[in-house]
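Structure first, commentary second.
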Amino acid sequence: MHGRQQPGGGMLNSDEWKSLVVAGSRTLCPACESDNLTMGACAIGAMTVHQEYTCETCQHEFTAVFALLGCYEGHPE
């Protein structure tokens with residue numbers, strides 16, 4: 050296991066996971082907090098992006114949801 054162990058060996062809830070990911074600027078497994086992830090299918094909608102992940106450390110599968118925040122001029126370099 051990486052990071053902190055949840056009471057009773059449980060996994061991070063959605064809000065805990067989001068806080069940890071934003072604070073560390075990297076996507077982590079909500080079950081074991083590993084960053085050894087493989088990205089799967091990605092579904093892009095008008096307001097959200099759903100990205101599938103599989104943790105290579107514990108084999109946990111999960112989907113992250115990204116939401117539209119705004120826009121900016123130009124393209125990223």
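Using the working numbering, you'd call the opening residue of the sequence shown number 50 and step up by one each time.
Beta carbons are placed, not taken as given, at the ideal position from N, Cα and C, and that holds for glycine.
When DSSP reads this structure, Gln100 sits in a beta bridge with Cys91, Ala113. Here Glu101 is near Ala90, since their CB atoms are less than 9 Å apart. In the three-state scheme derived from DSSP, where H, G and I count as helix and E and B as strand, Leu69 is classed as helix. Thr97 is positioned such that its CB atom lies closer than 9 Å to that of Ala116.
Leu118 is bridged by DSSP to nothing; it lacks a bridge partner.
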